[in-house]
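Protein sequences, first through last, are from chains A and B.
Per my numbering: the first sequence = residues 11 to 348.
Per my numbering: the second sequence = residues 11 to 348.
There are 2 protein chains.
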Amino acid sequence: MQRVSQPTIDDVARLAGVSTATISRAINMPDRVAKATRDKIEKAIETLGYTPNYGGRLLASNRTNTVAAVIPTMSNAMFASGVQAFQEVLAGAGVNLLIASTGYDPDEEFRQIRALMANGAEGFLLIGKDRAETTLALLKKRDIPYVTTWCFGNDPDQLYAGFDNEKAAFDATRQVLLQGHRRIAMIAGITIHNDRARDRVTGVMAAIATQPGARLVQVIEARYRLEAGADAMEAILSSVDRPTAVMCGSDVLAAAAIVRAAELGVRVPQDVSVVGFDDIGLARVVTPALTTVRVPQTDMGQAAARLLLARRAGEVGLKSQRFEAPLILRGSLAPPGG
Amino acid sequence: MQRVSQPTIDDVARLAGVSTATISRAINMPDRVAKATRDKIEKAIETLGYTPNYGGRLLASNRTNTVAAVIPTMSNAMFASGVQAFQEVLAGAGVNLLIASTGYDPDEEFRQIRALMANGAEGFLLIGKDRAETTLALLKKRDIPYVTTWCFGNDPDQLYAGFDNEKAAFDATRQVLLQGHRRIAMIAGITIHNDRARDRVTGVMAAIATQPGARLVQVIEARYRLEAGADAMEAILSSVDRPTAVMCGSDVLAAAAIVRAAELGVRVPQDVSVVGFDDIGLARVVTPALTTVRVPQTDMGQAAARLLLARRAGEVGLKSQRFEAPLILRGSLAPPGG
DNA sequence: CTGAAAGCGCTTACAG
DNA sequence: CTGAAAGCGCTTACAG
Numbered sequence: 011m012q013r014v015s016q017p018t019i020d021d022v023a024r025l026a027g028v029s030t031a032t033i034s035r036a037i038n039m040p041d042r043v044a045k046a047t048r049d050k051i052e053k054a055i056e057t058l059g060y061t062p063n064y065g066g067r068l069l070a071s072n073r074t075n076t077v078a079a080v081i082p083t084m085s086n087a088m089f090a091s092g093v094q095a096f097q098e099v100l101a102g103a104g105v106n107l108l109i110a111s112t113g114y115d116p117d118e119e120f121r122q123i124r125a126l127m128a129n130g131a132e133g134f135l136l137i138g139k140d141r142a143e144t145t146l147a148l149l150k151k152r153d154i155p156y157v158t159t160w161c162f163g164n165d166p167d168q169l170y171a172g173f174d175n176e177k178a179a180f181d182a183t184r185q186v187l188l189q190g191h192r193r194i195a196m197i198a199g200i201t202i203h204n205d206r207a208r209d210r211v212t213g214v215m216a217a218i219a220t221q222p223g224a225r226l227v228q229v230i231e232a233r234y235r236l237e238a239g240a241d242a243m244e245a246i247l248s249s250v251d252r253p254t255a256v257m258c259g260s261d262v263l264a265a266a267a268i269v270r271a272a273e274l275g276v277r278v279p280q281d282v283s284v285v286g287f288d289d290i291g292l293a294r295v296v297t298p299a300l301t302t303v304r305v306p307q308t309d310m311g312q313a314a315a316r317l318l319l320a321r322r323a324g325e326v327g328l329k330s331q332r333f334e335a336p337l338i339l340r341g342s343l344a345p346p347g348g
Numbered sequence: 011m012q013r014v015s016q017p018t019i020d021d022v023a024r025l026a027g028v029s030t031a032t033i034s035r036a037i038n039m040p041d042r043v044a045k046a047t048r049d050k051i052e053k054a055i056e057t058l059g060y061t062p063n064y065g066g067r068l069l070a071s072n073r074t075n076t077v078a079a080v081i082p083t084m085s086n087a088m089f090a091s092g093v094q095a096f097q098e099v100l101a102g103a104g105v106n107l108l109i110a111s112t113g114y115d116p117d118e119e120f121r122q123i124r125a126l127m128a129n130g131a132e133g134f135l136l137i138g139k140d141r142a143e144t145t146l147a148l149l150k151k152r153d154i155p156y157v158t159t160w161c162f163g164n165d166p167d168q169l170y171a172g173f174d175n176e177k178a179a180f181d182a183t184r185q186v187l188l189q190g191h192r193r194i195a196m197i198a199g200i201t202i203h204n205d206r207a208r209d210r211v212t213g214v215m216a217a218i219a220t221q222p223g224a225r226l227v228q229v230i231e232a233r234y235r236l237e238a239g240a241d242a243m244e245a246i247l248s249s250v251d252r253p254t255a256v257m258c259g260s261d262v263l264a265a266a267a268i269v270r271a272a273e274l275g276v277r278v279p280q281d282v283s284v285v286g287f288d289d290i291g292l293a294r295v296v297t298p299a300l301t302t303v304r305v306p307q308t309d310m311g312q313a314a315a316r317l318l319l320a321r322r323a324g325e326v327g328l329k330s331q332r333f334e335a336p337l338i339l340r341g342s343l344a345p346p347g348g
């Protein structure tokens with residue numbers, strides 16, 4: 011990708027008959043340049059097809075205009091809307107978005123963040139709290155701003171734009187208990203290196219503990235894939251101590267669980283209720299439609315972008331933002347026995 | 011996002027007792043530096059926590075190590091796996107990915123591409139052929155390599171990594187006809203500014219034209235949203251000339267159509283068959299599971315990355331790559347009458 | 001409102 | 001294998 015030689019600011023200066031300083035000003039602070047001069051310059055720029063060289067600009071100004079989002083995966087709608095919202099707000103401010111995925115691997119996350127920093131990322135959107143020590147040290151050493159999303163914490167040194175996974179799972183489970191369920195199972199995400207998955211388990215457990223007579227009969231961890239969710243559901247349904255409700259760590263798991271239940275002739279919600287987490291498209295398409303926790307993807311993405319933009323503009327005293335993640339009631343949850 | 015002052019190559023040179031040229035070589039072409047020197051340098055780099063300044067490097071070498079993907083939307087799983095695959099291959103080569111979305115608007119696409127070029131994008135992954143003239147002119151003028159995906163064409167000047175939407179839709183429709191369907195409707199994507207949506211309609215029409223007695227009773231265009239697909243299905247089902255099969259321009263539309271049909275008491279596939287396009291997660295979760303055209307997302311994403319990487323490495327005579335998009339048979343398609 | 005000039009931090013022929 | 005030095009294309013005090 012060798013570039014053909016492009017016109018430089020010197021070419022424009024020569025053609026317009028002014029200094030390069032004035033060209034630079036005309037581009038970056040137009041109102042500090044006389045209208046007549048500006049017009050000449052614009053004409054010259056147009057004629058030459060000039061666009062400023064990125065590297066030169068960068069080196070001189072020490073700003074890249076670029077932030078990065080590092081997410082576990084793009085293939086799951088779990089993060090898509092959030093990243094989309096993040097990008098839209100950034101684009102509105104003329105800031106570009108670099109993106110990388112980690113496959114839920116902290117070492118890969120470290121590598122990606124380091125590479126992105128070396129390539130000009132001035133700020134980061136990160137998912138969750140679980141992170142390699144080295145990553146935190148790197149970010150701190152270089153004093154790079156970042157916003158932690160998809161979770162919430164009270165650490166005043168950290169900037170969050172997220173929600174409380176434990177509370178969301180707790181509240182959802184409370185509603186399940188309220189409907190009368192006492193034997194509950196969980197299909198959780200893989201909890202290692204994943205605080206969101208862990209917090210959801212904790213929340214479910216905590217809610218069950220508040221209800222005398224209620225029991226968590228089983229917790230199975232599964233990757234966020236349809237096949238894994240289906241298999242977990244089958245294991246749960248074939249156990250002797252069959253639950254009346256299954257809480258799931260994600261919609262992918264929950265949707266797959268519903269499908270597998272149907273294949274096994276188990277009716278949802280009459281025989282078993284299923285609750286998801288995310289509220290992505292899947293939730294409304296499965297039969298019965300999924301009762302699920304709505305993750306505030308758009309809110310988080312927008313807030314993260316605004317926070318980063320504000321930091322960039324030099325604002326201080328920025329505050330973390332916490333959003334609600336309510337349970338959306340649909341057909342997959344009903345009192346035990348239907 | 012003002013950076014605190016970081017160590018420069020001069021600091022490293024001083025500490026290691028060598029010239030900056032040698033530092034640069036140790037980093038970029040390690041085997042042209044004596045082992046002993048390299049060790050000294052590595053130690054100095056480590057001590058200082060040095061990482062090369064992006065702007066300086068860029069200006070001197072004129073390479074950004076960054077390519078961009080400009081897609082209609084990230085919120086739909088339609089493109090997610092393809093972009094994920096694209097990013098993974100790039101990351102393996104140490105190349106970073108900028109990403110932007112256009113909302114299916116050619117003007118927005120132009121703006122995003124221009125902004126990305128100004129921010130160092132050395133190559134592009136683009137979706138489909140429909141594009142503003144100005145965009146093409148811009149790309150050409152700056153001689154920026156790009157790969158066109160999610161479609162295919164025979165233009166030898168263009169680099170494609172995609173599939174033939176018309177052929178895929180044609181083949182799928184042929185199979186529907188083979189099952190005995192003669193009255194067919196279509197829920198298409200919005201075709202303006204979208205060659206993929208248009209080609210799918212053309213393919214469906216062409217296949218129907220090959221079958222005596224077969225008719226396309228209705229074509230409704232809908233945005234790729236669940237609600238729009240559901241409403242389109244309702245309109246189709248309430249028409250007097252009700253089809254026995256509905257071809258859809260995407261899985262989102264098809265899944266929503268199935269759900270709405272069920273709500274209206276219309277059985278799929280007994281009363282009406284439904285065929286999708288994409289094969290995203292939704293397809294396997296809806297009841298009945300969706301018969302759908304599998305879009306080779308991963309193949310396209312990987313191929314696009316490899317093509318761009320090859321161009322970058324100076325390879326010439328690169329060839330477009332065309333993949334298959336086969337119909338995946340599941341429960342939503344059956345002969346008329348079930 | 002405008003210009004001359006220094007400087008940002010690298011890379012890379014060129015020479016040895 | 002290593003170094004001295006030019007140069008990449010901008011921005012930005014400083015001066016007027």
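Just so it is clear, CB atoms sit at the ideal spot from N, CA and C, and this is done for glycine as well.
Assigned exposure category for residue i - 16 Cβ within 10 Å defines buried
i, result
"MET349 of chain A", "This structure cannot speak to residue 349 of chain A, because chain A is shown only from 11 to 348."
"ASP20 of chain A", "exposed"
"GLY239 of chain A", "buried"
"GLN94 of chain A", "buried"
"GLY138 of chain B", "buried"
"ASP167 of chain A", "exposed"
"ASP153 of chain B", "exposed"
"GLU176 of chain B", "buried"
"PRO306 of chain B", "buried"
"PRO222 of chain B", "exposed"
"THR297 of chain B", "buried"
"ARG42 of chain B", "exposed"
"LEU376 of chain A", "Because chain A spans 11 through 348 in this model, residue 376 of chain A falls outside it and cannot be assessed."
"ALA265 of chain B", "buried"
Residues that residue i bridges to, as DSSP identifies them
i, result
"VAL77 of chain A", "A:LEU107"
"ASP20 of chain A", "Note: ASP20 of chain A sits in no beta bridge, so no partner."
"LEU226 of chain A", "A:ILE194"
"GLU231 of chain B", "B:ALA198"
"ALA255 of chain A", "A:ILE194, A:SER283"
"LEU364 of chain A", "Because chain A spans 11 through 348 in this model, residue 364 of chain A falls outside it and cannot be assessed."
Three-way DSSP call (helix, strand, coil) for residue i in this model
i, result
"ASP261 of chain B", "helix"
"ILE123 of chain A", "helix"
"LEU300 of chain B", "coil"
"LEU318 of chain B", "helix"
"ILE268 of chain A", "helix"
"VAL278 of chain A", "coil"
"GLY286 of chain A", "strand"
"ARG332 of chain B", "strand"
"ASP309 of chain B", "helix"
"LEU343 of chain A", "coil"
"VAL28 of chain B", "coil"
"GLY239 of chain A", "helix"
"ALA131 of chain B", "coil"
"GLU273 of chain A", "helix"
Whole-angstrom distance between residue j and residue i, CA atom to CA atom
i, j, result
"ARG277 of chain A", "ARG252 of chain A", "13 Å"
"PRO82 of chain B", "SER111 of chain B", "5 Å"
"LEU68 of chain B", "GLY324 of chain B", "19 Å"
"PRO336 of chain B", "LEU343 of chain B", "15 Å"
"ARG13 of chain B", "THR57 of chain B", "Only weak support exists for where ARG13 of chain B lies, its pLDDT of 40 falling under 50; the value from the coordinates is given anyway. Their Cα atoms are separated by approximately 19 Å."
"GLY18 of chain B", "VAL77 of chain A", "Before going further, note that residue 18 of chain B is Thr rather than Gly in the sequence given. Rounded to whole angstroms, THR18 of chain B to VAL77 of chain A spans 22 Å at the Cα level."
"LEU387 of chain A", "ALA125 of chain B", "Because chain A in this structure spans residues 11 to 348, residue 387 of chain A falls outside the shown range and cannot be described."
"ALA315 of chain B", "SER248 of chain A", "45 Å"
"ALA242 of chain A", "THR254 of chain A", "15 Å"
"ALA272 of chain A", "LYS151 of chain B", "58 Å"
"ALA147 of chain B", "VAL105 of chain A", "24 Å"
(message) Please give the ranges of any alpha helix (DSSP H) in the region 134-222 of chain B, keeping only runs that are unbroken, at least 4 residues long and fully inside the region.
(response) If only complete runs of 4 or more residues are kept, the region 134-222 of chain B shows the alpha helix (DSSP H) at 143-151, 175-188, 205-219, in order along the chain.
(request) Note down, one range per segment and in chain order, each alpha helix (DSSP H) of at least 4 residues found wholly within the region 33-103 of chain A. (result) Within the region 33-103 of chain A, the runs of alpha helix (DSSP H) at least 4 residues long that lie entirely inside it are, in chain order, 45-58, 64-71, 87-102.
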